[in-house]
Amino acid sequence: MKSLFWYKRPYDIEKTETQFMKEMRENMHFQFENCKEYRALLEHRGWYEERIDKLESVAEIPFIPTLFFKHHRMDSVPREKMLTTATSSGTSGAKSVIGYDVLSLLKGLGMVLRVGKEHKLWSLRPCHYIILGYEARNILGRKNAVEEKAVAKTAYGFTFFAPALSRTYALRYIDGDYRLNLEEIREKLITFSRGNTPVRIIGFTFHAYWLLSKMKEAGIKCPLPKGSLMSFGGGWKQYYTQRAEKQEMYDLVEDVLNIPESMCREFFGAVEHPILYCDCPKHHFHVPIYSRVLIRDVDTYEPLEHGKAGLVNLLTPMVKSAPILSIMTDDLGILHDGSECGCGIDTPYLEILGRVGMEDITTCAAGAENLMRTMLGEETL
Ligand SMILES: [Zn+2]
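Residue numbering for the sequence shown follows the numbering used here, starting at 13 and increasing by one per position.
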């Protein structure tokens with residue numbers, strides 16, 4: 013079977029289970045051979061080459077906490093082979109940087125093509141784009157080593173699902189800094205609402221919510237042409253998880269822009285887990301064939317059954333250039349049976365409940381980080 017990332021149906025987990033395990037084993041083997049930090053972790057846990065080949069359950073794969081990536085960059089291929097990097101948009105100064113080689117990026121491309129098709133994102137009809145986020149600069153510019161925020165790259169990537177007539181950014185890069193440009197966005201929306209060309213809006217949920225609330229308050233309505241699309245996402249924010257506020261958002265979009273709920277798409281992903289999760293018509297994030305989600309007990313890290321809340325562990329064999337095959341987030345979530353949704357996609361779906369409290373982070377994620385540091389011979393926190 014060809015790679016998982018070029019398989020036609022992105023939610024056909026049953027038919028791709030064997031291939032997923034094969035790619036996870038191959039990835040683990042590659043990390044064992046090429047990433048000294050991950051090898052140290054594996055050896056610490058009693059893993060050796062033969063055992064990797066016999067791996068039967070992804071739950072056994074040693075995970076790395078995302079918190080660890082925020083202080084350490086780990087590479088599994090030489091940096092000169094990295095085509096680009098993704099940097100998380102942390103405000104505290106601690107950021108994760110993940111490097112990508114050509115093969116990992118090609119797999120990502122295959123995934124985006126299939127997921128985009130499944131969720132009807134592709135269109136040949138040209139449109140105007142409004143990006144409620146950062147202006148993308150230096151997309152593949154490793155030479156200048158600009159730490160491009162991953163969200164800017166993702167948003168820029170989204171402007172290729174339909175031919176772009178124009179791109180307008182809410183956060184423009186002027187004189188070495190990002191400046192908020194919402195006035196221009198508002199004017200563009202008013203202009204576009206008078207034409208026939210569809211508009212696609214992409215952005216952070218909170219920027220979109222803020223802008224649309226202001227417009228509503230000011231009594232401004234911009235009914236956009238038919239075929240317009242609203243997509244939002246941009247991180248693991250608590251905001252997304254609150255169903256009531258989500259509905260408020262869809263109502264705002266319909267009210268101010270005349271875009272129906274069926275033309276709203278929500279996404280999530282993380283720098284340390286670059287899988288494209290797109291919500292189904294019932295706004296659930298089903299797990300695609302490229303990844304698995306495990307919910308683990310906060311104290312024991314044992315995998316929990318569906319319907320129980322715990323720490324979210326994300327797994328994928330997509331990236332070879334960094335040891336991110338199994339990462340432990342500091343998010344709390346629940347995995348639901350696919351059948352509970354009723355949209356037709358039968359893979360389980362993930363509900364994020366929010367971040368664990370600071371105290372819990374110290375005991376679980378930082379505890380794991382301390383373990384990593386100790387193994388690498390560094391001082392503990
Ligand atoms: Zn669904």
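Just so you know, even glycine gets a beta-carbon here, dropped at the ideal spot from N, CA and C.
Using only the alpha-carbon positions, how far apart do residue i and residue j sit?
i, j, result
"residue 83", "residue 183", "27 Å"
"residue 241", "residue 302", "26 Å"
"residue 224", "residue 140", "18 Å"
"residue 80", "residue 48", "15 Å"
"residue 85", "residue 108", "7 Å"
"residue 25", "residue 300", "7 Å"
"residue 213", "residue 127", "19 Å"
"residue 58", "residue 75", "14 Å"
"residue 220", "residue 230", "15 Å"
"residue 77", "residue 270", "42 Å"
"residue 335", "residue 192", "36 Å"
"residue 197", "residue 142", "7 Å"
"residue 173", "residue 307", "32 Å"
"residue 181", "residue 203", "15 Å"
"residue 18", "residue 124", "10 Å"
"residue 43", "residue 310", "26 Å"
"residue 354", "residue 63", "39 Å"
"residue 226", "residue 208", "25 Å"
"residue 73", "residue 32", "13 Å"
"residue 304", "residue 321", "16 Å"
"residue 456", "residue 217", "Only positions 13 to 393 of the chain appear in the structure, and residue 456 is not among them; the question remains open."
"residue 20", "residue 178", "31 Å"
"residue 14", "residue 67", "20 Å"
"residue 395", "residue 314", "This structure cannot speak to residue 395, because the chain is shown only from 13 to 393."
Would you give the residue range spanned by the beta strand (DSSP E) that residue i belongs to?
i, result
"residue 301", "Segment: none, residue 301 is in no beta strand (DSSP E) and carries neither H nor E."
"residue 211", "211-216"
"residue 343", "338-348"
"residue 116", "No beta strand (DSSP E) holds residue 116; the alpha helix (DSSP H) holding it covers 114-130."
"residue 271", "Element bounds for residue 271: n/a, residue is neither H nor E."
"residue 177", "176-186"
"residue 367", "361-367"
"residue 244", "241-245"
"residue 142", "139-146"
Compute the beta-carbon to beta-carbon distance between residue i and residue j, rounded to the nearest angstrom, for a pair I have assumed lies under 8 Å.
i, j, result
"residue 121", "residue 332", "At roughly 15 Å, the Cβ-Cβ gap does not stay under 8 Å, so residue 121 and residue 332 are not in contact."
"residue 290", "residue 41", "With 8 Å as the limit, residue 290 and residue 41 do not qualify as a contact, their Cβ atoms being about 30 Å apart."
"residue 357", "residue 295", "Contact doesn't hold; Cβ gap of about 12 Å is too wide."
"residue 260", "residue 266", "No, residue 260 and residue 266 are not in contact; Cβ-Cβ is about 11 Å, not under 8 Å."
"residue 329", "residue 35", "4 Å"
"residue 326", "residue 344", "Actually they do not touch by this definition, with Cβ atoms about 13 Å apart."
"residue 347", "residue 362", "6 Å"
"residue 239", "residue 210", "4 Å"
"residue 9", "residue 284", "In the structure as shown, the chain begins at 13 and stops at 393. Residue 9 is therefore absent and cannot be evaluated."
"residue 46", "residue 89", "7 Å"
"residue 234", "residue 268", "7 Å"
Measuring alpha carbon to alpha carbon, tell me which of the options ends up nearest residue i.
i, options, result
"residue 276", "245, 285, 287, 298", "245"
"residue 69", "30, 55, 58, 97", "30"
"residue 360", "23, 227, 264", "23"
"residue 113", "323, 129, 95, 99", "95"
"residue 282", "55, 341, 322, 72", "341"
"residue 93", "110, 99, 106, 351", "110"
"residue 37", "65, 21, 287, 46", "65"
"residue 459", "222, 169, 50", "The requested residue 459 does not occur in the structure, where the chain is confined to residues 13 to 393."
"residue 98", "91, 165, 52, 133", "165"
"residue 190", "147, 288, 176, 313", "147"
"residue 427", "318, 323, 55", "Outside the displayed span of the chain (13 to 393) sits residue 427, for which this structure offers no information."
"residue 407", "350, 215, 135", "This structure gives no information on residue 407, because the portion of the chain shown stretches from 13 to 393."
"residue 71", "119, 317, 351, 50", "317"
Starting from residue i and walking both ways along the alpha helix (DSSP H), at which residues does that stretch end?
i, result
"residue 52", "48-56"
"residue 199", "194-204"
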